[in-house]
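Chemist: Sequential numbering from 1 applies to the sequence shown in UniProt numbering. Don't be surprised by glycine CBs; every beta carbon is placed ideally from N, CA and C.
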Amino acid sequence: MAHPSVLKVTDAAVHERPLSMRMPFRFGAATVTKAAQIFLALTVEDANGRTATGYAAELMVPKWFDKNPSLSNADNEEQLRRSVHMAVDLSKKADAATAFAIHAQLEPRQHNCAAAEGLNGLIASFGLALVDRAILDGLCRLHNISVADAILQNLPAIDSSTTPDLDGFDIPAFLSGLRLHDQIHLRHTVGYVDPLTPEDIAGPRKNDGLPECLQEEIDTYGIRYFKLKVSGRPKEDTERLKAIAAVLEQLPEYQVTLDGNEQFENEAVVIDLMERIENEPALQRLRSSLLFVEQPIARAVALSQPVTELAKRVALEIDESDGTPEAFLEAKRQGYLGVSSKSCKGFYRSLLNRARVEKWNAETGRGYFMSAEDLTTQAGIAVQQDLALAALLGLEHIERNGHHYVDGMQGASRVENAVWLEAHRDLYRDSAGRARLKIKDGKLCLASVIGAVGLGVAEEAARATFQTLKQGG
């Protein structure tokens, strides 16, 4: 059994790769057609002078972290870029410590520095999340073990120093009891403007070999879990849900979640939508298949307004409100039962929130929960690190949409694609030399992700990506 290492961050390199959406992605008040993915390679050194490089990547999605309408997509991207560089600079100045102790040092510093520049908690979390993952990846590579083994042994030395409400809870025992699945159901995102049937497709078809509407997603991949975006306008949302339900009716069974993306003014408007759904005969099956509603109310007020009446009708979770280590605690007090896991918000935050779920359910039996949600994570490092996290959390399904809105490993060289296809052949399929997610019976295979040395990514694959990036690709 490996013992926690004292680490020091000695070097780092940041790269970016632009990409275009194959179709517009509408969520909240935003429609995204292009973005850039940011990549981090970070070198750690242990007390014996051994070094390893860890990797992380994430798409800089505009209009999710900060929805201020006066900011352009480029402004949002620059906020996230600044967060990453801020976290990298702070990590180099951090005292030598265990991986989690470095995180505990950096978290308040990162949030304070971000706040001083007018950047909110989610944006601050973005940069720290990449640094945390790169350090953890490097730690795993130093010990030549997978992230699953590292977490089960608590190699990062995770404790309650950032979550004092977990004082007295046996975190090492909790971590050692985590049970990973080697496959996970994909929960497909249905955006506001996504076509539902071939007849709904506007303009010429892409004809790129990928599904272009909800019906084709179901036919191609065998999906049974769906995340449906709603707009905060109950009457219009009800009609949209009726159209979606008509497509889903063909399935012998399915499960759905609703995502409000902060678009509902208050609890009463969400109750209005729920009443419309419950009173609509065409939505009875969809209602019985509804698992939870995600972040219906704007983060500015969500954690200060009770949702106890709404919570009597449906389970609620926070997503955009989860910008600090304390957010889930505050949400719990207002009546929320759930919190999302996204690797862009923090690997350790997800694990500690999962510990809270375990603790609270043991104490109350109330049904607190976590779900795995997506930030349009891209094929390669980003999607695999997020999948590894979901596997550790023991979740049965995960929202995925990066494979739908972007064609495979866009921007990667032919050599890079080939290395990923070879290293993670259970997760990708070869489409004329491009790596695309391999989805079978609505599921993704995680064997090579959870078995890889490092945080979900084979060393040769990560190196191939950074080799391309260094060459300007």
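1. Starting from residue 408, follow its DSSP beta bridges and name the residues at the other end.
2. Assign residue 141 to buried or exposed, taking buried as 16 or more other Cβ atoms, counted over all protein chains shown, within 10 Å of its Cβ.
3. For residue 477, count neighbouring C-beta atoms within 10 Å of its own C-beta (all shown protein chains included) and say buried if the count is 16 or more, exposed if not.
4. What's the gap between the Cα of residue 56 and the Cα of residue 282?
5. What are the uninterrupted segments assigned as alpha helix (DSSP H) that are 4 or more residues long and contained completely in the segment 56-104, given in chain order?
6. Short check: CB of residue 22 to CB of residue 208, under 8 angstroms?
7. Tell me whether the beta-carbon of residue 24 lies closer than 8 angstroms to the beta-carbon of residue 193.
8. Measure the C-alpha to C-alpha separation of residue 79 and residue 292 and round it to an integer number of angstroms.
9. Could you tell me how far apart the beta carbons of residue 352 and residue 335 are, in whole angstroms, since I believe they sit closer than 8 angstroms?
10. Touching or not, the segment 298-311 and the segment 355-368, by the rule of three or more beta carbon pairs under 8 angstroms?
11. In its own chain, which residues sit with a C-beta less than 6 angstroms from the C-beta of residue 342, not counting the 5 before and 5 after it?
12. Excluding sequence positions up to five away, which residues of its chain have a Cβ less than 6 angstroms from the Cβ of residue 137?
13. Starting from residue 348, trace the alpha helix (DSSP H) in both directions and tell me its first and last residue.
14. Can you confirm whether the segment 256-276 touches the segment 214-227 when touching is taken to mean that 3 or more C-beta pairs between the two stretches lie within less than 8 angstroms?
15. Spatial neighbours of residue 396 within its chain, please: CB distance less than 8 angstroms, with the 5 preceding and 5 following residues excluded, ordered by chain position.
16. To the nearest angstrom, how far is the alpha carbon of residue 220 from that of residue 440?
17. Could you tell me which uninterrupted beta strand (DSSP E) segments, each at least 3 residues in length, are contained entirely in the segment 110-155, listed from first to last along the chain?
18. Candidates 399, 427 and 466: which alpha carbon is nearest residue 447's?
19. Could you check what DSSP says for residue 439 in three-state terms: helix, strand or coil?
Modeler: The answer reads as follows:
1. None, per the DSSP bridge assignment.
2. buried
3. For residue 477 there is no data in the structure shown, the boundaries of the chain being 1 and 473.
4. 44 angstroms
5. For the alpha helix (DSSP H) assignment, the uninterrupted runs of no fewer than 4 residues enclosed by the segment 56-104 are, from N- to C-terminal side, 73-93.
6. yes
7. Closer than 8 angstroms, so yes.
8. 31 angstroms
9. Incorrect: roughly 21 angstroms between the Cβ atoms, too far for contact.
10. no
11. Excluding positions up to five away in sequence, the list reads 373 and 375.
12. 54, 55, 454 and 455
13. That run of the alpha helix (DSSP H) goes 347-364.
14. yes
15. Taking residue 396 as the centre and dropping the five residues before and after it, the same chain places the C-beta of 181, 184 and 185 closer than 8 angstroms to its C-beta, in chain order.
16. 9 angstroms
17. none
18. 427
19. Taken through DSSP and simplified to helix, strand or coil, residue 439 comes out as coil.
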